[in-house]
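Per my numbering: the sequence shown ends with 422, consecutive numbering throughout. From the three backbone atoms N, C-alpha and C, an ideal C-beta is built for every residue, glycine too. Notes follow once the structure below has been shown.
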Amino acid sequence: MNKPVFVFDVDKTLTNLKREITPRTQTVLKKLQQKGYVTAVATGRKFSTLINSVMPFFPPESLHIVAGGGEIVKTKGDVVWQKLIPEKYLELIYELVKQNGGDIFYSKGEDYFIPTRLSNTFKNDQRKIKVKTFTLNTFNKLTEVTINGVTENLKTELNKIEDLTKKYMTSYNNLPYVDITAKEVNKASTLMIWAELQKINLTDIISFGDSQGDLEMLQLTGKGIAMGNATDEIKSIAHEVIGHTDENGLALYLEKYL
C-alpha cells in the first residue's frame, strides 16, 4: 500500500480563522515531510499571497496548485503549468464590474494587484504581500481573477458567461466573492495534471477543504476530508468530517500518521 499524499486547501483549512498556520500544524507538517510524505496546497489564493505566509512550510521542490487550479507552481514560484483566461473575457469582466460593482484582485508572479482605494487595508496584512494597485495595462495574461463584494446583478451577468469557471464563496469578513478561472479549470481538473506529473495515484491522495472551491477535489481523491468549519455542502460530500480549524482539527487528524 502506497503512502498517502496530503493536499490542503489553505484558507480556513490549513490556516485558522485568523489566517495563521498554527504552531501545532507547522510541527506536524515538518514531521510528515521528514518521514517522506508528499504535502502540497491546492488553493484559490494567488502565489503572491502565499510566498511569506504559507510556502515556507513546504520543501523547495514541492508542486502546488494555486489560483483556483489556474497554475501549478513550485514552492519558490516557478510555474510548471498554467491555463490563461482568454483576453476577451478579461475585458468583459472589467466592464461588468464597472457597471455592477465589486473590487477586482489579481496576481502576477510575486505582485498582488488590488483596487487603489483598498491599498491602506493591506499595509498590516500578516501575509506580508507585495501589493500593487490595479492598472488596465497589467490586467492581462491572468490565470485567475477574484472579485470581492459580488452584487446579485454582477453574479447574474457573470453566470451568463459559459466559457469561464466561477466559484462563489464567503471571505473572512463575510463578504461574498468569486474566483474566476478559464473554462473547466478548477482544483480537481488541475490536480489530475499535478498527480500525473509526479506519478501519483489519485486514490492515494487525501484532500482537505471547507468550501465550494474544494468540492470537486474532495470528490476526486481517494479520501476527501471536510473541516469541522466547512459548509454543509462540503460536509455532505466528504468521506469524513474532522475538527474545526480553530481547534487544530487538521493537526489532530495528521498526527496519527506520525
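The DSSP assignment places 294-297, 309-312, 328-334 and 340-346 as complete runs of the beta strand (DSSP E) inside the segment 285-346, in order along the chain (cut-off: 3 residues).
Measuring C-alpha to C-alpha distances from I236 to each of L414, M356, K194 and L282 identifies M356 as the nearest. Around the beta carbon of Y270, a 10 Å sphere encloses 16 or more other beta carbons of the protein chains shown; the residue is thus reported as buried.
Closest in alpha carbon position to T395, among T385, Y332, A346 and K347, is Y332. The C-beta distance from D374 to N350 rounds to 15 Å, too long to fall under 8 Å, and the pair is not in contact. When the Cα atoms are used, I369 and L339 turn out to be separated by approximately 32 Å. At a Cβ-Cβ threshold of 9 Å, Y341 and N312 count as neighbours. Going by C-alpha positions, F222 is about 7 Å away from T239. When DSSP assignments are scanned along the segment 238-267, the uninterrupted stretches of beta strand (DSSP E) that are 3 or more residues long and fall wholly within it turn out to be 243-246. Closest in C-alpha terms to I229, from the list T213, A206 and L300, comes A206. Put simply, of D242, S283 and L227 the residue whose alpha carbon is nearest the alpha carbon of L361 is L227. Close CB contacts of L193 within its chain, under the 7 Å cut and outside five residues either way in sequence, are with T203 and F221 (chain order). Proximity to L366 across S353, T299 and G241 peaks at S353, based on C-alpha coordinates. When C-alpha distances from T315 are compared across K195, V261, G232 and N301, the shortest belongs to V261. A Cβ-Cβ separation of about 7 Å places T345 in contact with T307 under the 8 Å criterion. In terms of Cα proximity to D242, the closest of I268, F211 and K195 is F211.
Under the 10 Å beta carbon count, V171 is surrounded by 16 or more other beta carbons and is classified as buried. With fewer than 16 other Cβ atoms from the protein chains shown falling within 10 Å of its own Cβ, R281 counts as exposed.
Looking at Q197, L248, K330 and Y336, the one whose alpha-carbon comes closest to that of P224 is Q197. By alpha-carbon distance to G273, the top candidate from A390, A231, I389 and T191 is A231.
DSSP places A352 inside the alpha helix (DSSP H), whose first and last residues are K351 to L361. When the Cα atoms are used, E326 and Q263 turn out to be separated by approximately 20 Å. In the DSSP assignment, T203 is bridged to F170.
For L181, the secondary structure class from DSSP, reduced to helix, strand or coil, is coil.
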